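In the numbering used here, the protein residues as written are 1 to 450.
Don't be surprised by glycine CBs; every beta carbon is placed ideally from N, CA and C.
Since this is a predicted model, take the numbers as computed values, not measurements.
Down below is the structure, laid out as structure tokens.
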């Protein structure tokens with residue numbers, strides 16, 4: 001018997017019993033949709049977790065910090081734990097480290113018109129700033145060799161408030177009228193002197209207000225005020241330009257945030273509280289992290305968080321997949337029952353086919369094809385139903401979470417293909433034993449059966 005004839009006979013037999021076939025297919029639809037939706041929820045949670053990890057710095061970065069206390073005096077123990085340029089060079093020489101950039105952090109006060117705001121400035125190397133993949137809304141990243149320029153994160157503007165009315169963004173939920181790109185920003189580096197000049201200690205002595213500096217803006221980061229990322233609240237600058245500016249402003253004085261000698265004098269070199277480290281591959285993150293910790297510094301990476309998250313998400317996927325598999329198992333029982341009933345109803349037909357000399361393998365193939373058809377159409381319609389359910393879930397969750405979750409349910413192409421193949425295989429597996437029973441029927445007994 002030709003393969004095309006087997007297909008035609010299998011389809012014809014299913015169509016002769018439309019209601020029973022439809023009910024059996026319905027079981028496969030529910031089973032397939034259940035397992036796909038359940039697995040998609042696990043994949044969606046995993047995908048959301050990875051996206052959150054990426055927002056917090058990516059999977060190949062390490063944050064290195066010092067144990068030293070940058071106070072007014074120092075001890076030999078704290079000096080050993082401080083991070084200077086030599087330490088940064090040592091970290092950069094560790095195998096698999098692509099970038100090791102010191103982070104020079106400063107808290108500065110900015111003014112524009114009646115608005116004041118704190119700026120968390122981060123001075124970093126040009127290579128590190130370029131590799132951080134920050135999207136640019138306007139302008140460019142801080143250039144090298146052109147003096148100190150600031151690159152503002154998309155949420156920095158929310159740090160400004162009206163100094164006259166004390167209206168803050170988080171209270172009014174209205175962005176301050178500050179133009180970071182086109183209007184000059186006056187920056188005060190010596191914030192201690194600024195506040196001392198505005199207060200009185202009762203002695204009648206006044207402190208001269210510190211000098212204000214206009215720092216050009218190189219660019220703005222892309223994103224709205226509600227778009228959160230690791231760098232949205234920071235102001236970035238070239239570290240060499242920032243050092244030069246600080247040395248110029250604080251001549252023979254201790255720079256805020258920098259340690260001092262026991263006599264209260266500044267050091268000649270700069271010390272850093274953090275180092276930005278980028279590794280060439282996620283596989284080497286923990287190895288590099290351990291090397292840094294062996295040097296006596298704190299080292300944190302998102303790889304640790306990711307491993308814990310992956311383990312938790314794997315357990316959730318197994319549980320959800322198991323729940324969906326139960327529905328498909330019930331559908332397989334329904335397919336087996338349908339095929340067994342079909343054998344009892346077609347006993348005489350099977351006997352005639354055998355008497356005519358049809359190969360037993362053709363009989364087995366015919367029943368397996370019928371079961372495969374049920375699995376295929378049930379799986380196909382189940383996938384369509386699961387896509388609809390997934391869209392509804394994502395829409396409801398997106399609205400309920402006010403845009404925090406974009407894709408709680410995620411159905412990749414590989415899941416669609418695997419689910420369809422699995423549904424067909426489940427159908428054929430359920431029809432295997434009924435097919436064997438059909439093969440073992442006695443031809444004469446089958447013909448005499450009414």
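Residue interval of the alpha helix (DSSP H) (run including residue i)
i	result
residue 171	169 to 172
residue 298	Counting along the chain, residue 298 falls outside any alpha helix (DSSP H), though it belongs to the beta strand (DSSP E) covering 298 to 301.
residue 422	413 to 430
residue 294	285 to 294
residue 226	Unbroken run through residue 226: none, as it is neither H nor E.
residue 91	85 to 92
Burial state of residue i, where buried means 16 or more other Cβ atoms lie within 10 Å
i	result
residue 431	buried
residue 507	The shown model of the chain, from 1 to 450, leaves out residue 507, and the question about it has no answer.
residue 184	exposed
residue 19	exposed
residue 75	The predicted model places residue 75 with a pLDDT of 44, which falls under 50 and marks its position as unreliable; any figure quoted below should be read in that light. Counting Cβ neighbours within 10 Å, residue 75 comes out exposed, since fewer than 16 surround it.
residue 259	buried
residue 73	A caution first: residue 73 carries a pLDDT of 45, below 50, which makes its placement in the model unreliable, though a value can still be read off. Exposed, by the Cβ-count rule.
residue 216	exposed
residue 77	Because the pLDDT of residue 77 is 45, which lies under 50, any placement of that residue in the model is unreliable, and the number read from its coordinates should be weighed accordingly. That one is exposed.
residue 16	exposed
residue 165	exposed
residue 36	buried
residue 79	With a pLDDT of 49 at residue 79, under the threshold of 50, the modelled position of this residue cannot be trusted; read the value that follows with caution. The residue in question, residue 79, is exposed, as its Cβ has fewer than 16 Cβ neighbours within 10 Å.
residue 296	exposed
residue 278	buried
residue 322	exposed
residue 95	exposed
residue 149	buried
residue 25	buried
Range covered by the beta strand (DSSP E) that runs through residue i
i	result
residue 98	97 to 112
residue 64	61 to 65
residue 124	115 to 124
For residue i: DSSP bridge partner residues
i	result
residue 397	Answer is none; residue 397 lacks a bridge partner.
residue 278	61, 99
Length at least 3, wholly inside the segment 177 to 224: the beta strand (DSSP E) runs in chain order: 186 to 188, 217 to 221
Segments of 4+ residues assigned as alpha helix (DSSP H) that fall wholly inside the segment 127 to 174: 169 to 172, all fully within the segment 127 to 174.
Continuous alpha helix (DSSP H) assignments of at least 4 residues falling wholly in the segment 236 to 273: 239 to 249
contact_flag[the segment 117 to 137, the segment 236 to 246] where n(CB pairs < 8 Å) is 3 or more: yes
Cβ pair count under 8 Å reaching 3, the segment 271 to 282 against the segment 80 to 96: yes
Cβ contact check for the segment 131 to 141 and the segment 310 to 330: 3 or more pairs under 8 Å: The segment 131 to 141, when compared against the segment 310 to 330, does not touch it at the 8 Å Cβ threshold.
Validate contact between the segment 317 to 324 and the segment 36 to 50 using beta carbons, cut 8 Å, 3 pairs: yes
Touch test, the segment 249 to 267 against the segment 166 to 173, Cβ-Cβ under 8 Å, three pairs minimum: no
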